[in-house]
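First to last, the protein sequences are chains F and G. Numbering-wise (numbering that gives the first Met the number 0), the first sequence opens with residue 0 and increments by one. Numbering-wise (numbering that gives the first Met the number 0), the second sequence opens with residue 0 and increments by one. A short worksheet on the structure shown next.
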Amino acid sequence: MTAKPSSAPPRPAGLLTLGPDGSPEPSRGAPSAPRSPAPRPLLVDLAVAAVAVGFGLSVGIALTATSRHQLAAPGGVALFLGNVTGLAGTYLALVMVLLISRIPFVERVLGQDTLLRWHRRLAPWPISLIIAHVIILTIGYAQAARTGILHEIGPLVNGFPDMGIATAGFVLMVAVSIASLYPIRRRIKRENWWGLHLFMYLALALAFAHEIVLGPSFVGHPMTQLVWSVAWAATAGLVLAYRIGLPLVRSVRHGLVVEEIRPEGPGVVTLILRGRHLERLAVSGGQFFEWRFLARGMWWQAHPFSISARPQPPYLRLTVKCVGDFTTALARLPVGTRVALEGPYGTFTAHALHTRKVALIAGGIGVTSVRSLLEDLPKGTRPVVVLRASSEEELVLREEIAELVKWHGGRLHEVVGPRTAQPIEHLAELIGDLRKRDTYVSGSESFVTSVTRLLALLKVPQEAVHADVYAL
Amino acid sequence: MKRAAIAVVAAVGGFAGVLGFNLGGSRAPLLQGAGASTPPATPPGSSSSASSSSSSSSSSSSSSSSSSASTPPPAGVRSALGNTYQYGYGQLAVRVTLNGSTITRVDTVGLQTAESYSQQLAQQVIPLLRHEVLAAQSAKVNGFSGATYTSEAYIYSLQSALDKLKKK
Numbered sequence: 000m001t002a003k004p005s006s007a008p009p010r011p012a013g014l015l016t017l018g019p020d021g022s023p024e025p026s027r028g029a030p031s032a033p034r035s036p037a038p039r040p041l042l043v044d045l046a047v048a049a050v051a052v053g054f055g056l057s058v059g060i061a062l063t064a065t066s067r068h069q070l071a072a073p074g075g076v077a078l079f080l081g082n083v084t085g086l087a088g089t090y091l092a093l094v095m096v097l098l099i100s101r102i103p104f105v106e107r108v109l110g111q112d113t114l115l116r117w118h119r120r121l122a123p124w125p126i127s128l129i130i131a132h133v134i135i136l137t138i139g140y141a142q143a144a145r146t147g148i149l150h151e152i153g154p155l156v157n158g159f160p161d162m163g164i165a166t167a168g169f170v171l172m173v174a175v176s177i178a179s180l181y182p183i184r185r186r187i188k189r190e191n192w193w194g195l196h197l198f199m200y201l202a203l204a205l206a207f208a209h210e211i212v213l214g215p216s217f218v219g220h221p222m223t224q225l226v227w228s229v230a231w232a233a234t235a236g237l238v239l240a241y242r243i244g245l246p247l248v249r250s251v252r253h254g255l256v257v258e259e260i261r262p263e264g265p266g267v268v269t270l271i272l273r274g275r276h277l278e279r280l281a282v283s284g285g286q287f288f289e290w291r292f293l294a295r296g297m298w299w300q301a302h303p304f305s306i307s308a309r310p311q312p313p314y315l316r317l318t319v320k321c322v323g324d325f326t327t328a329l330a331r332l333p334v335g336t337r338v339a340l341e342g343p344y345g346t347f348t349a350h351a352l353h354t355r356k357v358a359l360i361a362g363g364i365g366v367t368s369v370r371s372l373l374e375d376l377p378k379g380t381r382p383v384v385v386l387r388a389s390s391e392e393e394l395v396l397r398e399e400i401a402e403l404v405k406w407h408g409g410r411l412h413e414v415v416g417p418r419t420a421q422p423i424e425h426l427a428e429l430i431g432d433l434r435k436r437d438t439y440v441s442g443s444e445s446f447v448t449s450v451t452r453l454l455a456l457l458k459v460p461q462e463a464v465h466a467d468v469y470a471l
Numbered sequence: 000m001k002r003a004a005i006a007v008v009a010a011v012g013g014f015a016g017v018l019g020f021n022l023g024g025s026r027a028p029l030l031q032g033a034g035a036s037t038p039p040a041t042p043p044g045s046s047s048s049a050s051s052s053s054s055s056s057s058s059s060s061s062s063s064s065s066s067s068a069s070t071p072p073p074a075g076v077r078s079a080l081g082n083t084y085q086y087g088y089g090q091l092a093v094r095v096t097l098n099g100s101t102i103t104r105v106d107t108v109g110l111q112t113a114e115s116y117s118q119q120l121a122q123q124v125i126p127l128l129r130h131e132v133l134a135a136q137s138a139k140v141n142g143f144s145g146a147t148y149t150s151e152a153y154i155y156s157l158q159s160a161l162d163k164l165k166k167k
């Protein structure tokens, strides 16, 4: 919070030759792109409070909708519990949607990895509550109608308005949830799982009508009907605006196309994109975009890659390691391929600084976000940069890093060799005064985890550790 | 951790807010015990006793003077309570009032439903049924689709009340 990234260094001359074939900077002196706005934690606190109030209200209206007479009637208790679980579960489902709706001010404070972690951690609750809602209400209605539970299923689905589609929504919801259970999910390709996961939106939409028409808290209560409808409409609006609208507007405005693809090292390529109005694309060093390459067979999937340099209008650059089908195909993209983008996302930025000095630790391809972050670090941060790679050739972007470190008056350590020969502890020794620094760690999940674990052992305060995990 | 605390406090606040609003407001919540959507009608005891002992003579009359008398054209205002019928997720009984042989009033008593949707449905359809009955001057009216069970219970209970008053 202390240092302002606006005092970032001017570009070292001769370094950022983003133009094709290392031609001189095409737009020297052109205005550089603004940084992503500073995070405002207070806003997020307020948003958390508002969402939590909503949960309290949801449980509250379930309670007040039931009279003692109804509770005493046959099935009354079950009908009441079914209503409570339904409302609570559905509200938590709304929270799940909010967590992944990419609201910019929330993303800037919490970061997408935190939001996704919350989304995953919350996930078992709404689905369990909604399954309980279905089972308990079936029992309750069977008791009320003095019939068997299995007998009651037919009349429940057919005899009430909107119950047919709600049942379809429930089946869909359970199916998608099963596919998201870890043992099953890890057997499904990421893209396929993601496509399947989208059906959760449909499931929630199908369930909406029966809530309003049949829910005891809503029947005859236009006020709660209105509030519930507005809450869901607003959530849908946020998803549409920030997951579809804004990315679409940005992609069209900047009209990015692949200008050049440069090999950087073994299996690593830099993609240089050309676009319009990049001086208006607010992005901080260390952030990433979800990229969508509009080529045959690729356009429908978006992948996160960090920018490996801040935009330099009309150019924008990302550096990618080819590990899967998709990334390998990237290296063969024809020049001129159009590129859509969503973002920027990520809290791995100079905004996160607490102290004056900085250490940057990058494992392998993690160097890309460190590279762009170095451009944004304020003066006087004296960055100590540790680059970790298993071979010399894998130290991609090392010249650029060296030049930026020199400009900052920092130190650069290159640690090369197999993991067994270069234990993690060694990295910490190289830096020395870790407890006085903000430490940024980027790389594969195992690398980041082992470094952050080490930092915790060394009593580096948690808020001074910033991680950027690359899912490979 | 700080945000978790904010969330817990806010959720409890929201919950307490609803309860507080309801205690102060007109809706009768669970906590107060009065039926939120059960109409004031009659206490549940009376309707259930009507349903159990309905077949025999006892339950029916409030101002009745009829039944035993053999003379065909009964005069004056008489009323009878029909049997309580269980239907779907609720129960109801109908009280009918005759002036001579003209149906002048039909009231629903002891309407109870397990859940709000059926309650709302009943409250919507019962005035329509009453209107039909008054127009037709008999229990031979059509039920309303979408509220078949409610209509049937209404018609059966009405018929049982009319039977007690010996109206065809």
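Think of the CB as a built atom: it goes at the ideal place given N, C-alpha and C, for glycine as much as any other residue.
Item: Nearest-angstrom Cα distance between F:L340 and F:R275?; Value: 13 Å
Item: Determine, for G:Y88, whether the minimum Cβ-Cβ distance to residues of chain F falls below 7 Å.; Value: yes
Item: Could I get the ranges of all uninterrupted alpha helix (DSSP H) runs contained in the region 367-409 of chain F, with 4 residues as the minimum, in chain order?; Value: 397-407
Item: Relative to the C-alpha of F:T354, which residue among F:F304, F:Y439, F:R397 is closest?; Value: F:Y439
Item: F:E259 by DSSP, collapsed to three states: which one?; Value: strand
Item: With DSSP as the reference, label G:I102 as helix, strand or coil.; Value: strand
Item: Under 6 Å Cβ to Cβ from F:S368, same chain only, skipping five residues before and after it: list those, please.; Value: G285, S305, F347, S441, D467
Item: Where does the unbroken beta strand (DSSP E) through F:E341 begin, and where does it stop?; Value: 337-344
Item: When DSSP labels each residue in this structure, what does F:L454 get in the three-state scheme?; Value: helix
Item: Within the present structure, is the beta-carbon of F:M95 separated from the nearest heavy atom of the ligand MG by less than 6 Å?; Value: You won't find the ligand MG in this model; it holds no ligand whatsoever.
Item: Quick one: is F:R485 buried, meaning 16 or more other Cβ sit within 10 Å of its Cβ, or exposed?; Value: For residue 485 of chain F there is no data in the structure shown, the boundaries of chain F being 0 and 471.
Item: Could you tell me whether the Cβ of F:T63 comes closer than 7 Å to any Cβ of chain G?; Value: yes
Item: Counting Cβ pairs closer than 8 Å, one from the region 50-59 of chain F and one from the region 11-21 of chain G, do we hit at least three?; Value: yes
Item: Within this structure, are the beta carbons of F:H118 and F:I102 separated by less than 7 Å?; Value: no
Item: Mind pulling the chain F residues with CB within less than 8 Å of G:V132?; Value: Simply none; closest approach about 25 Å.
Item: Short check: CB of F:L280 to CB of F:L255, under 7 Å?; Value: no
Item: Any idea if F:P382 is buried or exposed, counting beta-carbon neighbours within 10 angstroms, 16 or more meaning buried?; Value: buried
Item: What did DSSP end up calling F:D324 once you bin it into helix, strand or coil?; Value: helix
Item: Could you work out which residue in F:P422, F:G408, F:A349 is closest to F:G362 when comparing CA atoms only?; Value: F:P422
Item: Assuming F:V357 is part of the beta strand (DSSP E), what are its boundary residues?; Value: 356-362
Item: Quick check on this structure: which residue in F:G365, F:E374, F:E402, F:G409 has the alpha carbon closest to the alpha carbon of F:V384?; Value: F:G409
Item: Let me know if G:A79 comes out buried or exposed under the rule of 16 or more other beta-carbons within 10 Å of its beta-carbon.; Value: buried
Item: Just to make sure I have the definition right: I need the residues of chain F whose C-beta is within less than 9 Å of the C-beta of G:S144. Which are they?; Value: Under the 9 Å cutoff, chain F gives no residues; its nearest Cβ is about 12 Å from G:S144.
Item: Who pairs with G:A92 in a beta bridge, going by DSSP?; Value: G:V108
Item: Tell me the residue span of the beta strand (DSSP E) that contains F:Y469.; Value: 464-469
Item: Using the C-alpha atoms, what's the distance from F:I360 back to F:V459?; Value: 14 Å
Item: For G:L176, which residues does DSSP report across the bridge?; Value: Limits of chain G in this structure are 0 at one end and 167 at the other, which puts residue 176 of chain G out of reach.
Item: Below 7 Å on C-beta distance, what does G:N21 contact in chain F?; Value: T63
Item: Which chain F residues are close to G:G81, counting only those with a beta carbon under 7 Å from its beta carbon?; Value: The contacting residues do not exist; G:G81 stays about 20 Å from chain F at best.
Item: With DSSP as the reference, please indicate the residues paired to G:Q85 in a beta bridge.; Value: G:Q90
Item: Counting only Cβ-Cβ distances shorter than 7 Å, please list the residues of the region 155-167 of chain G near chain F, keeping chain order.; Value: none
Item: Name, going along the chain, the residues of the region 35-66 of chain F whose beta-carbon falls closer than 7 Å to a beta-carbon of chain G.; Value: D44, V47, A48, A51, V52, G53, F54, G55, L56, V58, G59, I60, L62, T63, A64, T65, S66
Item: So what's G:L164 in DSSP terms, helix, strand or just coil?; Value: coil
Item: Would you call G:M0 buried or exposed, if buried means 16 or more other Cβ atoms sit within 10 Å of its Cβ?; Value: exposed
Item: Return helix, strand or coil for F:V319, following the three-state DSSP convention.; Value: strand
Item: Please list, in chain order, the chain F residues whose beta carbon lies closer than 8 Å to that of G:R2.; Value: V43, D44, V47
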